[in-house]
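In order, the protein sequences belong to chains A and B.
Under this note's numbering, the residues of the first sequence are numbered 14 to 426, in order.
Under this note's numbering, the residues of the second sequence are numbered 65 to 470, in order.
Accompanying notes for the structure given below.
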Amino acid sequence: MKRETDKHILKNGMTVLGEPMEEVGSAAFNFLVPCGTSRIGKDLQGSGKILKNWVMRGAGGLSGRELTDRLDGLGLHRSNAVGSYRMGFSAAMEAGSLLDALELYSSILQRPELSSEQFELCRQLALSEFMGLDDNPRQKVMINLREKFYPEPLGLNAFGTMDSLHSLTSEETASLIDKYFSMPDTIFSVAGSYDFDKVCSRLEELFGGAEDKNIPHFKAEKPRRGYWHEPHEGSQVHIGLMTETVPIRSDKYFDAQVAVSVLSGGMSSRLFTEVREKRGLCYAVGANYNTLKDEAGISCYAGTTPDKAEETLEVVIDEFKKLRDGVSEDELARAKAGLKSTIVMRSESSMSRASSIGGDYNLLGEVRCLSEIKRRIEAVTLDSLQEFLDSNPFEEFCIVSIGPKEIEAAKKI
Amino acid sequence: MQFKSKVLDNGLKIVGETTSSSLSAAVGFFVKTGSRDETAEISGVSHFLEHMVFKGTENMNALEVNAAFDRTGAQFNAFTSEENTVFFAGVLPEFLEDVTAIWADLMRPSLREDDFDMEKNVILEEIAMYEDMPQFDVVDKAKELHFSGHPCGNSILGTGESIRNLKADQMLEYFRRRYSPSNITVCCCGNFNWENFAAQIEKLCGHWEKVETKRETSFTEGTAQTKIYTKKNLSREHICMVSPGVSAQDERHYAMNLLSLIIGDEKGSRFYWQLVDTAIAEIASMHYEDMDGVGAFYSYFQCSPENSEKTIQTAKKVLEDVRDQGVTEEELDKAKHKALSALTLKNELPMGRLISVAFDSVYLDKYIPTKEQIEKIRAVSVEDVNSAARMYDMVNCSQAVLTPEK
């Protein structure tokens, strides 16, 4: 599994990354444009969600219908997403359609039509999606948690608020393109079956002329810790909690990954064992590592019926804290085996690789190749893990819940 | 790619497709049993049993099972549908033998009473979780309405009441009837050695005792009933429509699948242009499910309560237009491109192949190579799709609406 990453910088500064996969017939790409929620800010919150839809409704002289027909004609599986730093435009397809797809995306990103009539429809859909969150408390609790945990504006959610969505204008939203759709600051990644030279020369033709837009910087506020509850007459209390840890840039990053795996990697992990297997408190319980450039957290979700909520939270917090008391040799081996095989298996998908290499570059300014990642996981020892847990103990928690009942125990943490 | 298969004396079927360029392998035990094989008294037992399989055997308790799996680094799980209970794992080639041995052992579980009582809590939590997810709840309700009186309408999870009342010996009896080797297909795909795999399965599972199993596979066009359900604290209207389709055994399922993409793919379909592009509904989608002896189209819509009537009328108009005027060559071409690129992406992963190869064996008792799948999709004509649209009444369909309590 020795794969090298291709890298090229276009004349205007746009970064092009690639990971060739000989064994596949597909290709997948991802454009990461510097227009994420933290740059958009609170005043225009929600506009990113509108924009990612709006730009698909006509571009480069093609109407929305013509553009969609062309994308569908290439059989493109596509999705757009708004992250903290960047807006992602990704697509996967049979490899033969790659260069044609790039041409369409160059129009979408540089020459969107942005008619005001289409803006109103996109706003309506964004409002509907925002209201739909109330019918999905499990998703909503994790969105709320992230917003509380990260210092503002880093954790701002892409959905916006009722007020912001109502007050946004098409001019304000369109201005995001002028400000942030800077092609020189865009990261492009491709994985699968492709010819890197051809991809680069096509991108040079399509994007090479774009100028730098001098992206303004933002300043982050201090993070908040505490407990927030939202009443909801549902069947379960949905609990989200998050505690601070080292970010991807840290040299302890792989220790943090192994710690999360001990806590919640497989079915023998501590949370699954203590919360579900031994006590039958939840069906869904699990923790994830979550990182931005300089901030990171371990988040955890647990859904349980109201009379079990107090005990669930106590057991979960206890397991986070108990990690520091020591991890066994066997637990470490299992955690490492799980992480390594996940990485190898994910690398079989072109979509997943294109998104990983772009994401890595966004946060790290470099791409860690698969053999390097495997080597670093291998290098984690019981001692290095203990050192990490001692110097980064899980002491403070940010807790959010949605459900019919508040959790008393959360108020005391 | 190379396909091999073998049937043991006790009826256990072993199938495999080797792809030496894969980095991993996927293995699965496919038990042909699900909620359609249950009676009301034991509603939810197939799914509950799927959970209990993980609780161990004479050789391992639940915690040991979990640790044994995790030592291999496998990504493993299980799911239960109306007609299948599937246990699967994706694993690096060097751990395939270990993972296969664990699964083979687990297929003869102990079903201990204390594990049964503890796991009941987890199942009840899972039922509560889906109650908070109206987007799933409404599909379940529509399915129940459509298949009313037919076993495919049975609930997969069961109800709080049926689960609370279920006894361990009822599950044991169900296990004995349904987990016969003749009712199980073992499949492996990706980077593995067929001879070693088949020999391992024969050694570990060859002694399992065979029991006769039966399933009722009658066809139904459904009831075309409609019903409105109210729910507290709901923000949106959730609508699900179900209409009949051909079974997995009927070749016309290729045309039906393309028809569902033309009508209700997430992007660029008729539902998309009429409902989502116009912001009448935020979600409007259709998919086609081919099952054992029967099939169905499921459409799901999410919109504001004010737009509910408009959404239903618009969707019905789309279905009428397709029935009366048919689809165009261009629409079919786009649908084929979508289907083919989805197939390419799925088939690149051993896990994607595992599901295809195993289900083709379970439903059709044959192997369909990727190339043949592609040819069959390409061969579908506009006439095929139009006759699929007119075969049954898609317009007067079964319909469940979940609406906020006023």
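The C-beta atom is built at its ideal place from N, Cα and C for all residues, glycine as well.
Within-9 angstroms CB hit, residue i to chain B
i: residue 242 (chain A); result: no
i: residue 394 (chain A); result: no
i: residue 28 (chain A); result: no
i: residue 317 (chain A); result: yes
i: residue 339 (chain A); result: no
i: residue 235 (chain A); result: no
i: residue 179 (chain A); result: no
i: residue 38 (chain A); result: yes
Residue environment, residue i, which counts as buried when at least 16 other CB atoms sit within 10 Å
i: residue 378 (chain A); result: exposed
i: residue 59 (chain A); result: buried
i: residue 143 (chain B); result: exposed
i: residue 388 (chain A); result: exposed
i: residue 272 (chain A); result: buried
i: residue 90 (chain B); result: buried
i: residue 22 (chain A); result: exposed
i: residue 321 (chain A); result: buried
i: residue 178 (chain B); result: exposed
i: residue 14 (chain A); result: Below a pLDDT of 50, predicted positions are generally treated as unreliable, and residue 14 (chain A), at 48, falls in that range; the measurement from the model is reported next regardless. Classification for residue 14 (chain A): exposed.
i: residue 90 (chain A); result: buried
i: residue 296 (chain B); result: exposed
Contact under 9 angstroms by Cβ, residue i with residue j
i: residue 452 (chain B); j: residue 320 (chain B); result: yes
i: residue 121 (chain B); j: residue 169 (chain B); result: yes
i: residue 356 (chain A); j: residue 383 (chain A); result: yes
i: residue 417 (chain A); j: residue 250 (chain A); result: yes
i: residue 309 (chain A); j: residue 259 (chain A); result: yes
i: residue 262 (chain B); j: residue 78 (chain B); result: yes
i: residue 401 (chain A); j: residue 256 (chain A); result: no
i: residue 154 (chain B); j: residue 138 (chain B); result: yes
i: residue 258 (chain B); j: residue 252 (chain B); result: yes
i: residue 376 (chain A); j: residue 304 (chain A); result: yes
i: residue 197 (chain B); j: residue 310 (chain B); result: no
i: residue 206 (chain B); j: residue 362 (chain B); result: yes
i: residue 161 (chain A); j: residue 237 (chain A); result: yes
i: residue 135 (chain A); j: residue 64 (chain A); result: yes
i: residue 198 (chain A); j: residue 339 (chain A); result: no
i: residue 76 (chain A); j: residue 265 (chain A); result: no
i: residue 248 (chain A); j: residue 41 (chain A); result: no
Cutoff 7 angstroms; reference residue i; Cβ partners in own chain excluding five residues on either side
i: residue 209 (chain B); result: 287, 289, 291, 462 and 464
i: residue 107 (chain B); result: 218, 219, 222, 223 and 226
i: residue 367 (chain B); result: 300, 301, 344, 345, 346 and 375
i: residue 268 (chain A); result: 393, 397, 398 and 401
i: residue 378 (chain B); result: 338, 339 and 344
i: residue 11 (chain A); result: In the structure as shown, chain A begins at 14 and stops at 426. Residue 11 (chain A) is therefore absent and cannot be evaluated.
i: residue 102 (chain B); result: 109, 110 and 218
i: residue 175 (chain B); result: 116, 232, 235, 236 and 239
Test: residue i CB closer than 9 angstroms to a CB of chain A
i: residue 366 (chain B); result: yes
i: residue 405 (chain B); result: yes
i: residue 389 (chain B); result: no
i: residue 296 (chain B); result: yes
i: residue 165 (chain B); result: no
i: residue 412 (chain B); result: yes
i: residue 173 (chain B); result: no
i: residue 185 (chain B); result: yes
i: residue 139 (chain B); result: yes
i: residue 123 (chain B); result: no
i: residue 338 (chain B); result: no
Cβ distance (whole Å) where residue i is taken to contact residue j below 8 angstroms
i: residue 294 (chain A); j: residue 325 (chain A); result: 5 angstroms
i: residue 286 (chain A); j: residue 113 (chain B); result: Not confirmed; about 21 angstroms, so no contact.
i: residue 31 (chain B); j: residue 396 (chain B); result: Because residue 31 (chain B) is not part of the residues shown, which for chain B are 65 to 470, the question remains open.
i: residue 359 (chain B); j: residue 433 (chain B); result: About 23 angstroms separates the two Cβ atoms, so there is no contact after all.
i: residue 3 (chain A); j: residue 298 (chain B); result: Given a span of 14 to 426 for chain A in the structure shown, any question on residue 3 (chain A) remains unanswerable.
i: residue 405 (chain B); j: residue 361 (chain A); result: Going by Cβ atoms, the distance from residue 405 (chain B) to residue 361 (chain A) rounds to 17 angstroms, so no, they are not a contact pair.
i: residue 205 (chain A); j: residue 104 (chain A); result: Actually they are not in contact, since the Cβ atoms of residue 205 (chain A) and residue 104 (chain A) sit about 11 angstroms apart, beyond 8 angstroms.
i: residue 312 (chain B); j: residue 427 (chain B); result: 4 angstroms
Residues near residue i in its chain [Cβ-Cβ closer than 6 angstroms; skip 5 each side]
i: residue 66 (chain B); result: 82
i: residue 213 (chain A); result: 21 and 29
i: residue 119 (chain B); result: 126 and 179
Contact set for residue i: own chain, Cβ-Cβ below 8 angstroms, skip 5 residues either direction
i: residue 191 (chain B); result: 221, 222, 223, 224 and 227
i: residue 116 (chain A); result: 215 and 219
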